[in-house]
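Which chain is which? The protein sequence lines are A and B, in order.
Take any residue in the first sequence, note its place counting from 1, add 106, and you have its number in my numbering.
Take any residue in the second sequence, note its place counting from 1, add 7, and you have its number in my numbering.
Here the structure is laid out as structure tokens; the discussion comes afterwards.
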Amino acid sequence: MQRHLISAADLTRDDAVLILDTAEEMARVADRPIKKLPTLRGRTVVNLFFEDSTRTRISFEAAEKRLSADVINFSAKGSSVSKGESLKDTAQTLEAMGVDAVVIRHGASGAPYRLATSGWIDAHVINAGDGTHQHPTQALLDAFTMRRRLVGRDAGLGHDLNGRRITLVGDVLHSRVARSNVDLLHTLGAEVTLVAPPTLLPVGVETWPCEISYDLDSTLPKSDAVMMLRVQRERMNAAFFPTEREYSRRYGLDGDRMARMPEHAIVMHPGPMVRGMEITAEVADSDRCTVVEQVANGVSIRMAVLYLLLGGAEFQTAGTPAAPARTAEENR
Amino acid sequence: MMSKTLIRGAKLLGGEPQDVLIDGETIIQVGAGLSAEGAEVVEAGGKVLLPGLVDLHTHLREPGREDSETVLTGTRAAASGGYTAVFAMANTFPVADTAGVVEQVWRLGKEHGYCDVRPIGAVTVGLEGQKLAELGAMHESAAGVTVFSDDGKCVHDAVIMRRALEYVKAFDGVVAQHAQEPRLTEGAQMNEGVVSAELGLGGWPAVAEESVIARDVLLADHVGSRVHICHLSTAGSVEIVRWAKSRGIRVTAEVTPHHLLLTDELVRSYNPVYKVNPPLRTERDVLALREALADGTIDIVATDHAPHPHEDKDCEWAAAAMGMVGLETALSVVQETMVDTGLLDWAGVADRMSHAPARIGRAEGHGRPVSAGEPANLTLVDTAYRGPVDPAGFASRSRNTPYEGRELPGRVTHTWLRGKATLVDGKLT
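As structure tokens, this is what we get:
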């Protein structure tokens with residue numbers, strides 16, 4: 107398959123299942139007294155962050171270090187970028203220092219794609235979130251969390267999310283998490299419903315492989331997982347919705363609404379949460395809410411992606427059956 | 008030096024082969040088997056002879072952005088593409104909003120001698136949309152400005168637009184509107200639709216163009232002025248202009264070559280060479296634009312030649328500049344999309360790319376018939392040629408073409424500006 111991970115839409119069903127299975131192997135490493143594998147020893151990974159995102163950066167950094175990679179953190183603030191250096195020059199400078207992979211977070215949609223396809227550099231490119239386009243490792247860690255909770259940790263191995271009903275609620279228009287999740291969940295066989303006020307859905311959403319609803323209450327009883335997307339308060343000023351209060355009344359998840367979900371159904375959030383806006387504290391702190399698990403799973407997923415992209419293992423291509431994931435032990 | 012040139016065996020507007028004899032600046036004879044005595048002979052060998060092309064929408068960038076284009080390099084590019092007159096847009100630095108700036112641009116074009124340069128004056132001071140520029144002074148200057156535009160920005164204030172439309176009536180001027188409602192296009196990066204939704208790029212809705220066109224044709228009707236619509240790009244805009252024309256409103260419209268050929272599907276590459284204002288639209292829009300150009304709803308093809316230095320395109324999409332060069336590929340794209348598809352014959356091409364733009368811009372001596380007594384502004388095209396576009400061969404200082412490597416038909420081999428060859432066998436003189 108590809109050398110890069112740019113979009114969740116690029117993953118086949120078998121690629122995705124292989125990543126989820128590999129992540130389960132990686133998760134076991136976290137249970138050991140020494141949480142480290144030698145897989146990427148001598149390889150250098152740079153975390154190239156043009157946008158502030160402490161949690162994503164730390165998650166990647168933890169994954170890289172557990173795989174024994176040398177890690178360089180590059181934040182655009184206070185660097186040559188703020189003095190007007192181009193993305194191309196920044197990337198080429200880093201590559202000249204012998205970087206094997208670039209994990210990039212960028213405010214411009216398509217920046218990781220440009221980096222991977224313009225012939226500027228040879229390194230692997232992993233998209234850690236670009237503009238309002240994609241955030242593929244977030245979608246993978248969400249799918250991983252759903253599979254564990256809805257199918258089972260061991261029972262899930264080798265399986266996808268066939269027939270599970272997943273509802274995403276909130277600011278789809280500005281959300282790379284929503285786009286990545288729709289692509290990946292569809293690939294994994296889930297039935298996806300997007301719920302939002304019409305102002306926060308993009309024109310053209312009708313062609314996406316999912317259902318659209320403006321009404322949260324009718325969707326909740328039919329959901330195996332409900333993922334709340336962050337809604338920035340500033341959107342109010344651009345007339346996307348009248349007031350914070352009205353938003354949370356119509357689209358926020360509180361205890362009453364959570365009670366209408368099936369008993370097994372989970373509540374998810376990619377973080378950071380805006381408590382009192384899209385989610386109440388009661389829901390956020392309940393044991394049905396997987397926010398903290400998602401963070402832990404993020405490290406396993408990112409280890410799996412780095413391992414599969416850089417560790418020499420090949421992703422399966424469409425049409426060929428998924429080989430059993432090589433275990434971390436075998437790779438020693 | 009011989010003052011006579013005989014073009015032998017050229018298909019006049021694509022018709023039967025004929026000879027055309029030029030003496031000095033003028034065509035003196037058109038017919039079969041003309042005498043070559045005392046004349047330099049150009050064997051046309053069945054190539055198509057057109058009146059020199061006229062571009063109502065060119066960015067020459069001088070003064071201010073000479074790193075991307077100058078009047079010299081831009082007019083050489085124009086001659087290469089078969090043009091004998093170009094209208095230079097006002098968004099230079101300083102802005103062409105005074106008699107001084109337009110005269111400078113006009114004079115530079117005259118000195119270089121590759122192509123007549125007709126400066127376009129800004130409608131408002133500094134293109135800021137607040138205060139009318141001295142339109143009359145620019146008209147009375149040596150540059151004789153007749154077309155006014157804030158292109159790059161929309162004259163969005165309805166009162167300013169109304170006054171400008173009224174004011175230029177005094178000297179038969181025309182306001183060329185860049186139709187883009189500013190609030191609806193804040194942060195816009197590409198056409199709003201299926202592709203923008205997937206790519207996560209800010210949407211540029213068709214209605215942002217169409218609503219301004221609708222307002223402006225009604226304004227033009229109300230005050231009895233003529234209005235010209237720049238780079239019309241959507242099927243809905245076509246319908247509005249068609250309706251306005253049916254009501255007798257004096258509106259004219261242009262389409263760019265790239266909007267006749269390319270769609271927003273290309274943006275999936277995130278390659279900023281496809282970033283342009285107005286944005287590339289959908290297949291449905293492209294087909295509607297072709298049909299409208301064929302039936303005359305859209306009057307002309309204008310290039311919106313917009314040179315940018317390499318670094319402004321060799322970057323991420325959001326950081327890139329908007330625009331494409333077009334002077335040297337326009338005729339090829341029109342042949343590909345309009346002639347080879349059977350929508351327009353060569354006489355139609357002569358109308359849309361020479362007669363009509365010269366008429367709209369009141370460019371005297373241009374867009375005239377190819378007949379005895381007329382100025383010898385001529386373009387000879389090898390329509391049988393087909394080959395890949397190679398930007399390295401451009402005369403323009405910039406290379407931001409969306410057609411690199413794409414096979415296109417037709418090649419301009421000769422251009423004459425008032426009898427003087429500016430392009431011979433594909434080489435600039």
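C-beta atoms are modelled at their ideal positions from N, C-alpha and C, and glycine is treated no differently.
In this structure, DSSP gives Val293(B) a helical state, which the three-state scheme calls helix. Sorting Gly38(B), Glu23(B), Gly16(B) by C-alpha distance to the C-alpha of Ala51(B) places Gly16(B) at the top.
Considering only beta carbons, the part of the region 318 to 335 of chain B lying closer than 9 Å to chain A consists of Glu318, Asp321, Cys322, Glu323, Trp324, Ala325, Ala326, in chain order. Residue pairing by DSSP places Leu19(B) opposite Leu56(B) in a beta bridge. Taking CB atoms only, Ala214(A) has a neighbour in chain B less than 8 Å away. For Trp324(B), the three-state secondary structure derived from DSSP is helix. For Tyr121(B), the secondary structure class from DSSP, reduced to helix, strand or coil, is coil. Contact residues of the region 195 to 215 of chain B toward chain A are Gln196, Glu199, Gly200, Val201, Val202, Ser203, Ala204, Glu205, Leu206, Gly207, Leu208, Gly209, Gly210, Pro212 (C-beta to C-beta distance below 9 Å). Excluding residues up to 5 positions away in sequence, Gly16, Ala17, Lys18, Gly53 lie with their Cβ nearer than 7 Å to the Cβ of Pro24(B) in the same chain. Taking one beta carbon from each stretch, the region 285 to 292 of chain A and the region 111 to 123 of chain A have 3 or more pairs nearer than 8 Å; the two touch. Look at Pro315(A): its C-beta is not under 8 Å from any C-beta on chain B. With its beta carbon at least 8 Å from every one in chain A, Tyr281(B) lies outside the interface. Contact fails between the region 135 to 153 of chain A and the region 216 to 223 of chain A, because fewer than three Cβ pairs, one in each stretch, are under 8 Å apart.
Ser159(A) and Met374(A) have their C-alpha atoms roughly 19 Å apart. Contact between the region 321 to 336 of chain B and the region 293 to 303 of chain B is absent: fewer than three C-beta pairs spanning the two stretches fall below 8 Å. Against Val373(A), chain B offers no close residue; the least beta-carbon distance is about 25 Å (beta-carbon pairs closer than 8 Å). Closest option to Ala129(A), judged by alpha-carbon separation, among Thr299(A), Arg253(A), Met383(A), Val275(A): Arg253(A).
No Cβ-Cβ contact shorter than 8 Å links Thr65(B) with Ala103(B). Using a CB distance cut-off of 8 Å, Tyr410(B) does not count as an interface residue toward chain A. Beyond the five residues adjoining it in sequence on each side, Leu172(B) comes within less than 7 Å, by CB distance, of Val182, Leu226, Ala227, Val230, Ser232, Val234 in the same chain, given in chain order. Leu193(A) is not a Cβ neighbour of Cys237(B), given a cutoff of 8 Å.
Residues of chain B with a Cβ closer than 7 Å to the Cβ of Thr238(A) are, in chain order, Gly207.
For Tyr277(B), the residues of chain A that pass the 7 Å Cβ criterion are Gly216, Tyr219, Arg220, in the order they occur in the chain.
By the rule that beta-carbons nearer than 8 Å mark a contact, Gly310(A) touches chain B. Distance between Glu217(B) and Glu147(B), taken at the CA atoms: about 33 Å. Excluding sequence positions up to five before and after Pro378(A), its CB lies within less than 7 Å of the CB of Arg336, all in the same chain and listed in chain order. For Ser286(A), no CB of chain B lies under 8 Å from its own CB, so it is not counted at the interface with that chain. Put simply, the CB of Ser159(A) is far from chain B, with every gap to its CB atoms at 8 Å or more. By the C-beta criterion, the region 33 to 42 of chain B is judged not to be in contact with the region 365 to 372 of chain B, since fewer than 3 inter-stretch pairs fall below 8 Å. Bridge pairing for Tyr392(B): absent [DSSP].
Taking 8 Å as the cut-off, the beta carbon of Leu306(A) is found closer than this to the beta carbon of Leu279(A). Within the DSSP bridge table, the entry for Asn179(A) names Asn153(A) as partners. Where Trp314(A) is concerned, there is no enclosing beta strand (DSSP E), because DSSP gives it neither an H nor an E. Exposed is the label assigned to His370(A), since fewer than 16 other Cβ atoms lie within 10 Å of its Cβ.
DSSP links Lys427(B) through a beta bridge to Leu424(B). With a threshold of 16 other beta carbon atoms within 10 Å, Leu416(A) meets it and is buried.
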